[in-house]
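Chemist: Have a look at this one before I ask anything.
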Amino acid sequence: MVVVRYAPSPTGQLHLGNARPAILNWLFARREGGAFVLRLDDTDTARSTEEFALGIEADLAWLGIVPDRKARQSDRFAFYDAARDRLIAEGRLYPCYETPDELDRKRKRARALGRPPIYDRAALELTEEDKARLEAEGRKPHWRFKLDGRPVHFEDLIKGPQTVNTASMSDPVLIREDGSYLYTLPSVVDDIDMGITHVIRGEDHVSNTGTQIEIFEALNGAVPVFAHHNLLTDAEGQGFSKRLGSLSLAQLREEGYEALAVAIAASVTGTSLPVEPYDSLEAIAEKLDFTMISHGSARFDPGELAGLNARILHQTAFETVKDRLAGYGVTDPAIWYALRENIAKLPEIAELNRIFAPDLEPIIADEDREFIARARDLLPAEPWDETVWGTWTNALKAETGRKGKQLFMPLRLALTGRADGPELKTILPLLGRKVSLARLS
Ligand code: GLU
1361 MVVVRYAPSP TGQLHLGNAR PAILNWLFAR REGGAFVLRL DDTDTARSTE EFALGIEADL
1421 AWLGIVPDRK ARQSDRFAFY DAARDRLIAE GRLYPCYETP DELDRKRKRA RALGRPPIYD
1481 RAALELTEED KARLEAEGRK PHWRFKLDGR PVHFEDLIKG PQTVNTASMS DPVLIREDGS
1541 YLYTLPSVVD DIDMGITHVI RGEDHVSNTG TQIEIFEALN GAVPVFAHHN LLTDAEGQGF
1601 SKRLGSLSLA QLREEGYEAL AVAIAASVTG TSLPVEPYDS LEAIAEKLDF TMISHGSARF
1661 DPGELAGLNA RILHQTAFET VKDRLAGYGV TDPAIWYALR ENIAKLPEIA ELNRIFAPDL
1721 EPIIADEDRE FIARARDLLP AEPWDETVWG TWTNALKAET GRKGKQLFMP LRLALTGRAD
1781 GPELKTILPL LGRKVSLARL S
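Count along the sequence shown from 1, add 1360, and you get the number used in my numbering.
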């Protein structure tokens, strides 16, 4: 059975950029009938907060993602400690005592000599006495993973065959001086323990994957299948930063965007599928195959999101938005169907719904008073349907000689109190004769 995980760090809000892997994982799980694990990578206890953790869950729920399982790395330190001890015992994890300054000098020297600035593994030469002396000086070790130095090959579900040459990489630090874990080791330990079959994440992790495959193997774990997706960028090609508050999901939600529009923009952008309305995440899951994800960047266009949002609303059924509409005072399905074509974001319905407010002020210009009085007299008798507008305005045209805008605009202003809006042939029967008469008076 397919098991995927989405593993954000609760050190900031979700934004479009990091919503992308969440949705792509979810779509893959739906497509394959698999399970989706939400794993909070919160080993950085200083920067992780409960507020961000709750925010992430709320944002995912808003998008329609309900994890099958949840886990927090901060509950799982015992597993990481066990893996650490095993790697130390097997000589794959070794203590290093260089300070950041010393490492910096080593890198500079390597560059000056025209060599790649790779860690020289000097710490592997330290004797037990050397280590004891360094620790007596008050130094604390950080721990590096000893890479095999052979090319790591893997078949990426999106990018095809990949090779990461770990010989050109420094042995990665897995544990800091203060004993805290970097993301690399806990992630592998959890992926093994949780039976993760597919790791779907941004292509900024490709070189980590080389390291992590070696760690999977060192821990005798099953190596998952990897899929590295292109990253969402803005129009200038800049990535979305976690710290950048703009375009956070919370903000998009607040601005009245539809979750589905945001989910489509975050997942379908940068694929060969068109960024257009889909009925649901399931509908995207049916169409989106990972081979369709482009190898270039995924440029997000705010205008495209706005247009998509409007198109989705224009075909949204009353039942789908019923509860939210009630908050804007719209409870009649007929009013929703009359107004939906004229909004780009749902909250705009409040303003448009003023058309039906009992206290609406009709707008009647002095030079139109006589015309409006004639219109009032010619208003047909009820029952009204969508033909009443045509019957009425034809009679009015014949009688006054007005046509086009001269004919329609004064009626629109008087009946709706605004110069634009939905078609009057739909609005008129919804207003009814009594209200229409009053507004034309
Ligand atoms: N916490 C990591 C991140 O946010 C997870 C990466 C991964 O999916 O392995 O980048």
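Each residue gets a CB set at the ideal place from its N, CA and C atoms; glycine is no exception.
#1: Quick check: the stretch 1551-1560 against the stretch 1406-1426, are at least 3 beta-carbon pairs closer than 8 Å?
#2: Within 8 Å, do at least three Cβ pairs link the stretch 1370-1378 to the stretch 1606-1616?
#3: Classify D1661 as helix, strand or coil using the three-state DSSP reduction.
#4: Roughly how many whole angstroms lie between the Cα atoms of K1705 and R1671?
#5: Just to confirm my understanding: we take V1628, look at its own chain, exclude 5 residues before and 5 after, and list those with CB closer than 6 Å. What are they?
#6: Please name the residue in Q1522, D1538, P1584 and P1743 whose C-alpha comes closest to that of I1552.
#7: Just to check, is the beta-carbon of S1530 closer than 6 Å to a non-hydrogen atom of ligand 1?
#8: Between A1717 and ligand 1, is the CB less than 6 Å from at least one heavy atom?
#9: Taking a contact to mean a Cβ-Cβ separation below 7 Å, would you say W1696 touches F1716 in this structure?
#10: Suppose you measure from the CA of E1577 to the CA of I1478; what does that come to, to the nearest Å?
#11: Would the beta-carbon of P1368 be found less than 6 Å away from any heavy atom of ligand 1?
#12: Excluding sequence positions up to five away, which residues of its chain have a Cβ less than 7 Å from the Cβ of K1757?
#13: Taking 6 Å as the cut-off, is the C-beta of D1461 nearer than that to any heavy atom in ligand 1?
#14: Could you check what DSSP says for G1520 in three-state terms: helix, strand or coil?
#15: Do the stretch 1734-1746 and the stretch 1783-1796 meet, that is, are 3 or more Cβ pairs less than 8 Å apart?
#16: Helix, strand or coil, according to DSSP, for K1430 in the structure here?
#17: Just the C-alpha distance for Y1457 and P1501, rounded to the nearest angstrom, thanks.
#18: Considering only C-alpha positions, which residue in the set T1523, E1450, R1469 and A1431 is nearest to H1513?
#19: Taking 7 Å as the cut-off, decide whether the C-beta atoms of P1722 and A1774 are in contact.
#20: Could you check where the beta strand (DSSP E) with I1535 kicks off and where it finishes?
#21: Considering I1624, what are the terminal residues of the alpha helix (DSSP H) in which it resides?
#22: How about R1390 and A1645: are their beta carbons less than 7 Å apart?
#23: Thinking L1507 and M1529 are a contact (beta carbons under 8 Å), I'd like their distance in whole angstroms, please.
#24: Alpha carbon to alpha carbon, how far is V1397 from N1713?
#25: Tell me which residue opens and which closes the beta strand (DSSP E) that L1398 is part of.
#26: Return the residue from the list D1516, Y1543, S1547 and D1480 that minimises the CA-CA distance to A1527.
#27: Under the three-state reduction of DSSP, which class applies to Y1697: helix, strand or coil?
#28: May I ask whether a heavy atom of ligand 1 can be found less than 6 Å away from the beta carbon of R1561?
#29: Do the stretch 1455-1471 and the stretch 1560-1577 meet, that is, are 3 or more Cβ pairs less than 8 Å apart?
#30: Looking at the secondary structure, which residues open and close the alpha helix (DSSP H) in which G1559 lies?
#31: Opposite P1455 in the DSSP bridges: which residues?
#32: Counting only beta-carbon atoms, is E1727 nearer than 7 Å to chain B?
#33: Specify, as a first and last residue, the run of the alpha helix (DSSP H) that A1587 falls within.
#34: Sort out for me which residues DSSP pairs I1672 with in a bridge.
#35: Let me know if D1413 comes out buried or exposed under the rule of 16 or more other beta-carbons within 10 Å of its beta-carbon.
#36: Can you pull the DSSP bridge partners for F1412?
Modeler: Reading it off the structure:
#1: no
#2: yes
#3: Translated into the one-based positions of the sequence shown, residue 1661 becomes position 301. Three-state result, D1661: coil.
#4: Start at 1 with the first residue of the sequence shown, and residue 1705 comes out as number 345. Start at 1 with the first residue of the sequence shown, and residue 1671 comes out as number 311. The alpha-carbon atoms of K1705 and R1671 are separated by roughly 10 Å.
#5: Taking the first residue of the sequence shown as 1, we reach residue 1628 at position 268. V1635.
#6: To locate residue 1552, count along the sequence shown from 1; it is residue 192. Nearest of Q1522, D1538, P1584 and P1743 to I1552, Cα basis: P1584.
#7: For the purposes of this step, residue 1530 is taken as the residue at position 170 of the sequence shown. No, ligand 1 has no heavy atom inside 6 Å of this Cβ.
#8: The sequence position of residue 1717 within the sequence shown is 357, counting from 1. Answer for A1717: no, Cβ out of range of ligand 1.
#9: Sequence index remark: in the sequence shown, residue 1696 carries index 336 (1-based). Sequence index remark: in the sequence shown, residue 1716 carries index 356 (1-based). Not a contact, by the Cβ cut-off of 7 Å.
#10: Counted from its first residue, the sequence shown places residue 1577 at position 217. Counted from its first residue, the sequence shown places residue 1478 at position 118. For E1577 and I1478, the distance between alpha carbons rounds to 23 Å.
#11: Residue 1368 sits at position 8 when you count from the first residue of the sequence shown. Under cutoff, so the answer is yes.
#12: In the sequence shown, counting from the first residue as 1, residue 1757 sits at position 397. These residues qualify, in order along the chain: K1763 and L1767.
#13: Taking the sequence shown and counting its residues from 1, one reaches residue 1461 at position 101. For ligand 1, not one heavy atom lies less than 6 Å from the Cβ of D1461.
#14: The sequence position of residue 1520 within the sequence shown is 160, counting from 1. DSSP places G1520 in strand when its eight states are reduced to three.
#15: yes
#16: For the purposes of this step, residue 1430 is identified with residue 70 of the sequence shown, where counting begins at 1. DSSP places K1430 in strand when its eight states are reduced to three.
#17: Within the sequence shown, residue 1457 is the residue found at index 97, counting from 1. Within the sequence shown, residue 1501 is the residue found at index 141, counting from 1. Between Y1457 and P1501, the C-alpha separation is close to 5 Å.
#18: On the sequence shown, position 153 is the one that residue 1513 refers to. Minimum Cα distance to H1513 is reached at T1523.
#19: In the sequence shown, the residue the question calls residue 1722 occupies position 362. In the sequence shown, the residue the question calls residue 1774 occupies position 414. In this structure, A1774 lies closer than 7 Å to P1722 by Cβ.
#20: Along the sequence shown, read from residue 1 onward, the residue named residue 1535 stands at position 175. Element bounds for I1535: V1533 to I1535.
#21: Residue mapping note: residue 1624 aligns to position 264 of the sequence shown, counting from 1. Its alpha helix (DSSP H) spans residues A1619 to V1628.
#22: Locating residue 1390 in the sequence shown gives position 30, where the first residue counts as 1. Locating residue 1645 in the sequence shown gives position 285, where the first residue counts as 1. For R1390 and A1645, yes; Cβs fall inside 7 Å.
#23: Your numbering for residue 1507 matches position 147 in the sequence shown. Your numbering for residue 1529 matches position 169 in the sequence shown. With 8 Å as the limit, L1507 and M1529 qualify as a contact, their Cβ atoms being about 6 Å apart.
#24: Mapped onto the sequence shown, residue 1397 falls at position 37. Mapped onto the sequence shown, residue 1713 falls at position 353. Cα to Cα, V1397 sits roughly 42 Å from N1713.
#25: Position 38 of the sequence shown, counting from 1, holds the residue named residue 1398. From DSSP, the beta strand (DSSP E) with L1398 extends over A1395 to L1400.
#26: For the purposes of this step, residue 1527 is identified with residue 167 of the sequence shown, where counting begins at 1. Looking at the Cα atoms, D1480 is the closest of the given residues.
#27: Position 337 of the sequence shown, counted from the first residue, corresponds to residue 1697. Y1697 falls in the helix class under three-state DSSP.
#28: For the purposes of this step, residue 1561 is taken as residue 201 along the sequence shown, with counting starting at 1. Flag set: Cβ of R1561 near ligand 1.
#29: no
#30: Position 199 of the sequence shown, counted from the start, is the residue given in the question as residue 1559. One point to set straight first is that residue 1559 is Val, not Gly, in the sequence displayed. Here V1559 belongs to no alpha helix (DSSP H); instead the beta strand (DSSP E) covers H1558 to G1562.
#31: In the sequence shown, the residue the question calls residue 1455 occupies position 95. P1455 is bridged to W1503.
#32: You won't find chain B in this structure, because it holds only one protein chain.
#33: In the sequence shown, counting from the first residue as 1, residue 1587 sits at position 227. A1587 -> not in any alpha helix (DSSP H); beta strand (DSSP E) instead, spanning V1585 to H1589.
#34: Reading the sequence shown from its first residue, position 312 is the one you call residue 1672. BP columns for I1672 are empty, so no partner.
#35: Taking the sequence shown and counting its residues from 1, one reaches residue 1413 at position 53. Sequence check: residue 1413 is Ala here, not Asp. Buried, since its Cβ has 16 or more Cβ neighbours within 10 Å.
#36: Taking the sequence shown and counting its residues from 1, the one referred to as residue 1412 is at position 52. Paired residue(s): none; F1412 is not in a bridge.
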